[in-house]
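Below is one structure, written out as structure tokens, with a few remarks after it.
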Amino acid sequence: MEERKALIKIKPKSYADGEIVKVDFMVMHPMETGMRKDKKTGQIVPAKYINSVKFDYNGKIITSMNVWESVSVNPVFTIYMKVNGAGNLKVTFTDSTGEVNESSIEIKPKG
Amino acid sequence: MKSILKITLGVALFASLSYSSEQFAMSDADRAMYADLLDANPADMMVQDGKELLSKYGGGDAGLAKFLHVSEEKLPAFIAGFPRYLPDFKKVVGLGQVIQALMVTNGNKAFALKDPKMFNMVAYTKSLANDEKINIDVNANQQMKDAYALGEKTFNTQRGGRGLSCLSCHSADVIGSILRTQPLPDLGVNNSGGTWPAYRMTKSSLSTMQHRFQGCMNNALQAVIPLGSAEMVGLEVYVTNKAKGKAIAIPGLKR
Amino acid sequence: MQRRDFIKTLGAAAVIGAVIPAMSFAADAPKGPNAFSYKQALDTITGGKTPVKSDKIHLKVPEIAENGAVVPVTVEVDSPMTESDYVKAIYIFATKNNNVRCVAMHLTPANGKAILGTRVKLGGTQEVAALVEMSDGSFLVNSQSVKVTIGGCG
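Going down the list, the protein sequences come from chains A, B and C. Numbering follows the working numbering, with no gaps: position 72 of the first sequence is 62. Numbering follows the working numbering, with no gaps: position 72 of the second sequence is 685. Numbering follows the working numbering, with no gaps: position 30 of the third sequence is 200.
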């Protein structure tokens, strides 16, 4: 499994159980459309883009996404999530060439 | 004859500036939308990469503080004063040069100043000073005074095929006017010193201030000045000083 | 004299260079591997049903995008997000891009708020549309035009 730099940010940093928090998921990815010409070689750079993102909160998929190449390079996805107990938020993402990666963050409500 | 041509080209470019036409003016609502993007800046990942690299090759925050002869508590405020004259280097240096020396001190080969890994490390290092006010002191010693003077001179010197200087587009007279659909920024008001390194949306990559200057030079048909050279460090001193007193917020986000 | 005419021409050319705010879409633009039109997208998702234009969809996009590479888009839908009444899906479309599809988000009540935010590439000035599927099977839509500026330095 290839290591791809990704980051999950939760806002606010400190939250209570039952609170609805903002979740930002971002990943370093070229999101190639398959229509761009490499300036040096003159060749078309083949398509390669994130095509799916799944958010798994304590074993339950709370959100899933299909993604296409019109999304910006180094994509960022913002969703909201109701905090329902301590645990783990795991994001699994795949790209159009078959790469599969995951990133996770601990969910730790205060009090 | 050649110099007259250079000047007329500069004047012609100048004459083409339109003064803030509404069709290109972004509304406050639009600006707020872009400001919101800072919450989740793709460069956050580059900063994190820089943190890992500094840890691996430079001993992390502790290693950096020790190298700079400051305590870890005083490190953020110290970083907020860069570029600085450092006795160890016997010259005014930027963060990139410090990190290079730190890497070598730790028995590693230093990354080139133009290496994206170096940009990431510079961004992480500067982010340690987030929320600190820029406290560069251009009168601290003779070396800083000289660096500032060299920076100001480089900023004001017309050179290259179009006879342009940095001042051509960044002087008080032309701030706000539109060039190639974008309003010309006041480098002090815009806090250039506090918001570079930044993620450039049009390039989808992180860039340091000096590297961005090289981009400007390319556009202005000027010979590009090398990163880390006395002139480039001088420029960084000069431009950073324009934002003295403003808070550092790394990584920035720019067009 | 000669020099004066030269300056005039140069001045005019520079103005033309600065004023082009948007890219025009050539009718015969090359089709990429994933070409997909807005009409195709709507029909595929709604099964031919016409979505209802609704102000319940708050589509936040800049009126003027300062660059086409990273255009912020946020879709917020008024909804209690309960098991019996929630937003099932939010779709974002760049209606004139080669592949109009950007993101299709499938929500659950666990989201708490029906909000999707992302950044998209826009090939030029166009309408950005948000299609929403509600838990009762209905489809809502809203759209807004975004002017994409091309230019700038470096």
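The beta-carbon is built from N, C-alpha and C at its ideal position, and this holds for glycine as well.
Handout entry: DSSP-derived helix/strand/coil call for V43(A)
Key = In the structure shown, V43(A) sits in a strand (DSSP, three-state: E or B).
Problem - Rounded C-alpha distance that separates M304(C) from A274(C) - result: C-alpha separation (whole angstroms): 14 Å.
Exercise for the section: Name the residue from K758(B), D759(B), V837(B) whose alpha carbon lies nearest to the alpha carbon of G774(B). Expected result: For the residues K758(B), D759(B), V837(B), the minimum Cα distance to G774(B) belongs to V837(B).
Handout entry: Any chain A beta carbon closer than 7 Å to G238(C)
Key = Contact with chain A is absent for G238(C), since none of that chain's Cβ atoms lies less than 7 Å from the residue's Cβ.
Practice task
Can you give me, in chain order, the residues of the stretch 259 to 276 of chain C that have a beta carbon less than 8 Å from any beta carbon in chain A?
Solution key: Residues A264, N267, N268, N269, V270, R271, C272, V273, A274, M275, H276.
Practice task
State yes or no: is the beta carbon of G653(B) nearer than 7 Å to at least one beta carbon in chain A?
Solution key: Gly is not the amino acid found at residue 653(B); the sequence shown has Ala there. Judged by the 7 Å Cβ criterion, A653(B) is in contact with chain A.
Exercise for the section: Compute the Euclidean distance between the alpha carbons of T53(A) and Y647(B), then round it to the nearest angstrom. Expected result: Near 25 Å, if we compare the C-alpha coordinates of Y647(B) and T53(A).
Exercise for the section: Whole angstroms is fine: what's the gap from A259(C)'s alpha carbon to D248(C)'s? Expected result: Going from the Cα of A259(C) to the Cα of D248(C) covers about 13 Å.
Handout entry: Straight-line gap, S149(C) to S640(B) (C-alpha atoms, nearest Å)
Key = Since the first residue shown for chain C is 171 and the last is 324, residue 149(C) is missing from the structure and cannot be characterised.
Handout entry: T853(B) - containing alpha helix (DSSP H), residue span
Key = Residues 843 to 854.
Handout entry: Under the three-state DSSP convention, the category Y261(C) falls into
Key = The answer is strand: DSSP assigns Y261(C) an E or B state.
Exercise for the section: State the Cα-Cα distance for the pair S42(A) and T84(A), rounded to the nearest angstrom. Expected result: Computed Cα separation, rounded: 5 Å.
Exercise for the section: Pull up the distance between the alpha-carbon of Q756(B) and that of N831(B), whole angstroms please. Expected result: A straight line joining the alpha-carbon of Q756(B) with that of N831(B) spans about 29 Å.
Exercise for the section: Could I get the ranges of all uninterrupted alpha helix (DSSP H) runs contained in the stretch 217 to 251 of chain C, with 4 residues as the minimum, in chain order? Expected result: Here no run is fully enclosed.
Practice task
Scan the stretch 217 to 249 of chain C for residues whose Cβ lies nearer than 7 Å to a Cβ of chain B and list them as they occur along the chain.
Solution key: Residues of the stretch 217 to 249 of chain C with a C-beta atom less than 7 Å from some C-beta of chain B are K230, P232, E233, I234, E236, N237, A239, V240, P242, listed in chain order.
Handout entry: Uninterrupted alpha helix (DSSP H) stretches inside the stretch 750 to 789 of chain B (no shorter than 4 residues)
Key = List check, alpha helix (DSSP H) in window: 755 to 769, 779 to 783.
Exercise for the section: Write down the C-beta distance between P221(C) and L301(C) rounded to the nearest angstrom, noting that I regard them as a contact closer than 8 Å. Expected result: About 6 Å separates the two Cβ atoms, so the contact holds.
Problem - Proximal residues of chain C, C-beta to C-beta of M71(A) below 8 Å - result: Near M71(A) (Cβ distances below 8 Å), the residues of chain C are A280, N281, G282.
Problem - contact_flag[the stretch 67 to 82 of chain A, the stretch -4 to 13 of chain A] where n(CB pairs < 8 Å) is 3 or more - result: A contact exists between the stretch 67 to 82 of chain A and the stretch -4 to 13 of chain A.
Exercise for the section: Determine the chain A residues that contact Q869(B) at a beta-carbon separation under 8 Å, and present them in chain order. Expected result: Any question about residue 869(B) goes unanswered here, given that chain B covers just 614 to 868.
Exercise for the section: Measure the alpha-carbon distance for D225(C) versus P796(B) and round it to whole angstroms. Expected result: Roughly 34 Å separates the two Cα atoms.
Problem - Alpha-carbon to alpha-carbon, I791(B) and P729(B) - result: Taking the straight line joining both Cα atoms gives about 31 Å.
Handout entry: CB contact below 7 Å: R868(B) versus chain C
Key = With respect to chain C, the C-beta atom of R868(B) has a partner C-beta closer than 7 Å.
Problem - Closer than 7 Å to chain B by CB, K80(A) - result: Not closer than 7 Å to any Cβ of chain B, the Cβ of K80(A) fails to qualify, so no.
Handout entry: Y670(B), DSSP secondary structure in three states
Key = DSSP places Y670(B) in helix when its eight states are reduced to three.
Practice task
Mind reading off the beta-carbon distance from A725(B) to V846(B)? Whole number of angstroms is fine, and I expect it under 8 Å.
Solution key: Not a contact, Cβ separation roughly 16 Å.
Problem - Touch test, the stretch 801 to 818 of chain B against the stretch 848 to 856 of chain B, Cβ-Cβ under 8 Å, three pairs minimum - result: They touch, by the three-pair rule.
Handout entry: Per-residue burial, R289(C) [other beta carbons within 10 Å of its own, 16 or more giving buried]
Key = R289(C) is buried by the Cβ-count criterion.
Exercise for the section: Kindly list, in the order they appear in chain C, the residues whose Cβ is closer than 9 Å to that of T808(B). Expected result: Here the premise fails: no neighbours, minimum Cβ distance about 16 Å.
Practice task
Using a Cβ-Cβ cut-off of 7 Å, state whether M25(A) counts as contacting chain B.
Solution key: No, its Cβ sits nowhere closer than 7 Å to a Cβ of chain B.
Exercise for the section: Evaluate N281(C) with the Cβ neighbour count: other Cβ atoms within 10 Å of its Cβ, from every protein chain shown; 16 or more gives buried, anything less gives exposed. Expected result: Buried, since its Cβ has 16 or more Cβ neighbours within 10 Å.
Handout entry: Length-filtered (3 minimum) beta strand (DSSP E) runs lying within the stretch 639 to 709 of chain B
Key = Segments of the beta strand (DSSP E) lying fully in the stretch 639 to 709 of chain B: 697 to 699, 704 to 706.
Handout entry: Buried/exposed call for V711(B), threshold 16 Cβ in 10 Å
Key = V711(B) sits buried, since 16 or more C-beta atoms from the chains shown fall within 10 Å of its C-beta.
Practice task
Give the interface partners of S817(B) over in chain A, defined as CB-CB distance under 7 Å, in chain order.
Solution key: Chain A residues near S817(B): V63, N64.
Handout entry: Nearest candidate by alpha-carbon position, reference S308(C), set T295(C), P279(C), K223(C)
Key = Closest by alpha carbon: K223(C).
Exercise for the section: Look at M734(B) and G841(B) and say whether their C-beta atoms are less than 7 Å apart. Expected result: No, Cβ-Cβ distance for M734(B) and G841(B) is not below 7 Å.
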